[in-house]
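Participant: Sequential numbering of the sequence shown, starting at 12, is according to my numbering. Positions of the beta carbon are idealized from the N, C-alpha and C atoms, including for glycine. These numbers come from a predicted model, not from an experiment.
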Amino acid sequence: MGWSRFGTVGEAVGGLGCTGSSTKNLAEAVRGVVGVRTTTGEHRQEPGEGSPVIYIAPLKAIVRERMNDWRKRLVSQLGKKMVEMTGDYTPDLMALLSADIIISTPEKWDGISRNWHSRSYVTKVGLMILDEIHLLGADRGPILEALFRVFKAVGRLLESRDLLKLCGDKTESDDGRQWLGVANKKQSKQLLHSTDRGYRRANTGTARSLETKESPTRVSRDRRGSGECRRRQTKAGEVIVSRMRYISSQTERAVRFVGLSTALANAHDLADWLGVGEIGLFNFKPSVRPVPLEVHIQASGYPGKFYCPRMNSMNKPTYAAICTHSPAKPVLIFVSSRRQTRLTALDLIQFAASDEQPRQFLSVSEETLQMILSQVTDQNLRHTLQFGIGLHHAGLNDKDRSLVEELFANNKIQAIINLLKNLSFLFGKNVLVCTSTLAWGVNLPAHLVIIKGTEFYDAKAKRYVDFPITDILQMMGRAGRPQYDQHGKAVILVHDPKKSFYKKFYFLQFLYEPFPVESSLREQLHNHINAEIVSGTICHKEDAIHYLTWTYLFRRLMVNPAYYGLEDTGPGIVSSYLSSLVQNTFEDLEDSGCVKMNEDSVEPMMLGSIASQYYLKYMTVSMFGSNIGPDTSLEVFLHILSGSSEYDELPVRHNEAHFSQLELPITDYVTDLKSVLDQSIRIIQAMIDICANSGWLSSTITCMHLLQMVMQGLWFGSNTALWMLPCMTDDLVGSLSRREISNVQQLLDLPRSNLQALIGNSNALRLYQDLDHFPRVQVRLKLQKRNPDDGKAITLNIRLEKTNSHRKTSRAFTPRFPKLKDEAWWLVLGNTSTSELYALKRVSFSDRLATHMELPSTPNTIQGMKLILVSDCYLGFEQEHSVEELVEP
């Protein structure tokens, strides 16, 4: 398989070695491709020669596991270069260009591939490995579906008959030609060539416009001119159905796909969509599982209407299941929330104490235990570990999670309690209480798996919902692994009304027979269509319809039309359905202000371009466009930020106060806060672009202040900027305020001798050390005349220099922000009197930078114009410089 030129799909039930983290066995079989060579067509090529390998995993936990594993196997042993692309890590351009292997989450790679015009490494991909591809039917499935559509198109150009094959070979029959609306094979070829010319026009025009657009703001205020797609002719006979097929026509590079999945009933549909033939399809049914799995479904005694009391009533049966089925072997307990990991662990400790065996789950000496406990940060985990029970969820820091995993793997603890949605652990004779993330992201074996409840709270729906079948089967697959056990056991505790459902449908059907995977692209079609319109792939309604014919949605629509609300797939019905779907999508995007529909074309608007650039939902930018105005206050911006659709899945919690630096009541909130802060950066940057494109100076600056607040964890206001210094106290702030010093910039400009006289030698020493974290930037401006007759007659030359030369780094000092960040600055040209913004430019530099901005030469514009330097991470570092004073009389 590693040296063949064919794509591959591997599908097996959990516990067989081919799903979730258990894909490791199959992934290692593919290691010959990843670690040694990339096969592109008939040519075998080293990855370092320009064909990187992309590994896509749905969760950061899986990415982290693969990074740790392949760092040893591929980087150390074979000398390959590997980079990670997740929300936590974003490599620089040089690292991406030189990488042999890129491991990424779907969202990150989707965002990267949208701007393929300016990113050559996207078009050079030789192999793409898609892990957990059966998640096409889950919430994030549309991203995988859109990703594949892009990269399948990057493959070598297909001949005309390949398009007809992808439509299910329908054009080879009279019924198929009738379905397409053509009378004979000749007309079908004409239709094909017509589509070919349309796509070449669309993609060529977009590439040209992206190469020539220039604007001091991140998004041009006049994006598309007339809105018509520019035309350019290419060789006839090439079939270009998507923008990535256009790339393929230029690069002549093939892309090979390897898909890893659980067992599927419709495996051939998935393989055909991936371009994988019979020779590359491996679909192992659940019934061939080599390790028998004994499943117990318990429902009696859990009739409660309310969720929390029902979960509490399951703790005693959980303890009984451990004593009955796995008294001395590893146990994983999956629960639905981080709070439930603690409550479950505490009850298990109490039940063990009642049996006069309080430390029955513990397998280490007292001396070793104390050494282990001294390394633990989380107080709840430290308490439960004393009794051999481990907790594992996203609320723990990396060090604590790694310690629990190591203890469980080495049989130092018996149980881990895991979140159903996040996965946690217990500890001792290997008991681990965890959230469901553990089932996907960490490869830990267990003899017994207990699923404590099959529901979780969906913040977006604001109610408790059932876990997807993929999650249930994945958790069950953690029991009885071939390399660890002769048999495994799973106990599922369910709500009384759902017992018969789980018995009939889940375990009579899906435990021994594979389940089908459907597309969920329709639910997120607006965002992906908008991105394709912005990139230029879609310029007309016909383009969008053909875009859909290359998706997994289209394949399943033809096979299972009832699932998608279609009565049948008769002549004209499918075409009408797709046309209606596209039309409704276009109208929704137009109503939201993201696109503009012309008579025979569609073009992106400013809001749509910003949504695509910052990977935001179209409803989010629509809400921004409706609520942001020329004088929006900081309070309103905060309200708008909290209303973003990107936060829909986060539950609203009390007492979270990042700006006030209040201590969060429990560690669970820390992870939620990290997620909020991480997403807030791109959301606020999008709001800044909207304000700048609208020419609103006041709102733009206010929004920049909001970003500074997020980075520093401080409110914007009088004297608050001084609290960026770690040594600052109330007395010191008061002393400096009385001397009219209210920000760090003033302290940097103050001679050290004067500073010592103000605050004393003892305070000055600590203050000097803190001040070394911050830059002192000098701004020099010069107007340069060019052509007095044109509309842009004046160039403003700008020179920026950091004058504290002893400061050797450009890393931003943001101790309260969860991620490392480099300093960046905005250059804002505007009139503070009229609150009008003329131009915006974002820059970053280490020591010095020379740049320029162009100005209109009309007297009314120059009058009152100022250049404002604004930091993207430091409060109180703004500098205003008059441009009007530079004009020679």
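1) Take the Cβ of Thr481 as the centre, count every other Cβ of all protein chains shown within 10 Å, and call the residue buried at 16 or more, exposed below.
2) Return the first residue and the last residue of the beta strand (DSSP E) that Ser893 is part of.
3) Should Pro69 be labelled buried (16 or more other beta-carbon atoms within 10 Å of its own) or exposed?
4) Where His403 and Tyr468 are concerned, what is the direct C-alpha to C-alpha distance, given to the nearest angstrom?
5) With 16 as the cutoff for other CB atoms within 10 Å, does Asn772 come out buried or exposed?
6) For His307, count neighbouring Cβ atoms within 10 angstroms of its own Cβ and tell me buried if that reaches 16, exposed if not.
7) What number of angstroms, rounded off, separates the C-alpha of Arg130 from the C-alpha of Ser124?
8) DSSP state of Trp284, grouped into three classes?
9) Measuring CA to CA, which of Glu614, Phe828, Ser590, Phe856 is closest to Ser691?
10) Between Tyr132 and the rest of its own chain, which residues show a CB-CB distance below 7 Å, the 5 nearest in sequence each way excluded?
11) Starting from Ala501, follow the beta strand (DSSP E) in both directions and report where the run begins and ends.
12) With a CB to CB cut of under 7 Å and the five nearest residues on each side skipped, what residues in its chain are close to His892?
13) In the structure shown, what three-state DSSP assignment does Asp833 receive?
14) Under the DSSP definition of a beta bridge, which residues are partnered with Phe268?
15) Within 10 Å of its beta-carbon, does Asp280 have 16 or more other beta-carbons around it, so buried, or fewer, so exposed?
16) Is the segment 555–571 touching the segment 498–506, taking contact as three or more C-beta pairs under 8 Å?
17) In the DSSP output, what is Glu95 paired with across the bridge?
18) Any heavy atom of the ligand ZN within a distance shorter than 7 Å of the CB on Trp734?
19) Please report the Cβ distance between Gly401 and Leu373, rounded to the nearest whole angstrom; I am assuming they are in contact, meaning their Cβ atoms lie under 8 Å.
20) Check whether the Cβ atoms of Cys605 and Asn541 lie closer than 8 Å to each other.
21) Relative to the C-alpha of Leu592, which candidate in Ser546, Leu532, Asn609 has its C-alpha closest?
22) Looking at the structure shown, is Gln624 part of a helix, part of a strand, or coil, going by DSSP?
23) State yes or no: is the C-beta of Ile805 within less than 8 Å of the C-beta of Thr862?
24) Nearest to Ala697 by CA position, among Arg763, Val505, Ala339, Met634, is which residue?
25) DSSP has Glu859 in a bridge; who is on the other side?
26) Taking contact to mean 3 or more Cβ pairs, one atom from each stretch, closer than 8 Å, check whether the segment 709–723 and the segment 824–840 are in contact.
27) For Lys196, which residues from the same chain have a beta carbon less than 6 Å from its beta carbon, with the 5 sequence-adjacent residues on both sides left out?
28) If you draw a straight line from the C-alpha of Ser764 to the C-alpha of Glu812, how long is it?
29) Using 8 Å as the threshold, is the segment 733–751 in touch with the segment 839–848, meaning 3 or more CB pairs across them?
30) Mapping the DSSP letters down to three states, classify Gln309 as helix, strand or coil.
31) Let's test the definition: count the other Cβ atoms within 10 Å of the Cβ of His539 and tell me whether it reaches 16, buried, or not, exposed.
32) Among Thr446, Lys514, Ser348, Pro301, which has the Cα closest to the Cα of Gln494?
33) Is it buried or exposed, Gly488, if we count other Cβ atoms within 10 angstroms and call 16 or more buried?
34) Relative to the alpha-carbon of Lys119, which residue among Val94, Gln361, Ser729 has its alpha-carbon at the smallest distance?
35) Which of the three DSSP states, helix, strand or coil, is assigned to Ala853?
36) Grouping DSSP H, G and I as helix and E and B as strand, with all else coil, what is Glu865?
Facilitator: Result, derived from the coordinates:
1) With 16 or more other Cβ atoms within 10 Å, it is buried.
2) 890–893
3) buried
4) 18 Å
5) So Asn772 counts as exposed.
6) exposed
7) 8 Å
8) helix
9) Phe828
10) Pro63, Leu107, Leu108
11) 499–504
12) Val790, Leu792, Lys877, Leu878
13) strand
14) Met139
15) Buried, because 16 or more other Cβ atoms sit within 10 Å of the Cβ of Asp280.
16) As far as the Cβ criterion goes, the segment 555–571 does not touch the segment 498–506, which means the pair count is below three.
17) Ile114
18) Because no ligand of any kind appears in the structure shown, any question about the ligand ZN cannot be addressed here.
19) The Cβ separation is near 11 Å, so there is no contact.
20) yes
21) Leu532
22) helix
23) no
24) Met634
25) According to the sequence displayed, residue 859 carries Arg and not Glu. Glu812, per the DSSP bridge assignment.
26) yes
27) Because the pLDDT of Lys196 is 39, which lies under 50, any placement of that residue in the model is unreliable, and the question is left without a value.
28) 24 Å
29) Touching, no.
30) strand
31) buried
32) Pro301
33) buried
34) Val94
35) The residue you asked about is not Ala; residue 853 is Arg in the sequence shown. Three-state DSSP puts Arg853 in a strand.
36) DSSP, reduced to helix, strand and coil, places Glu865 within a strand of the structure shown.
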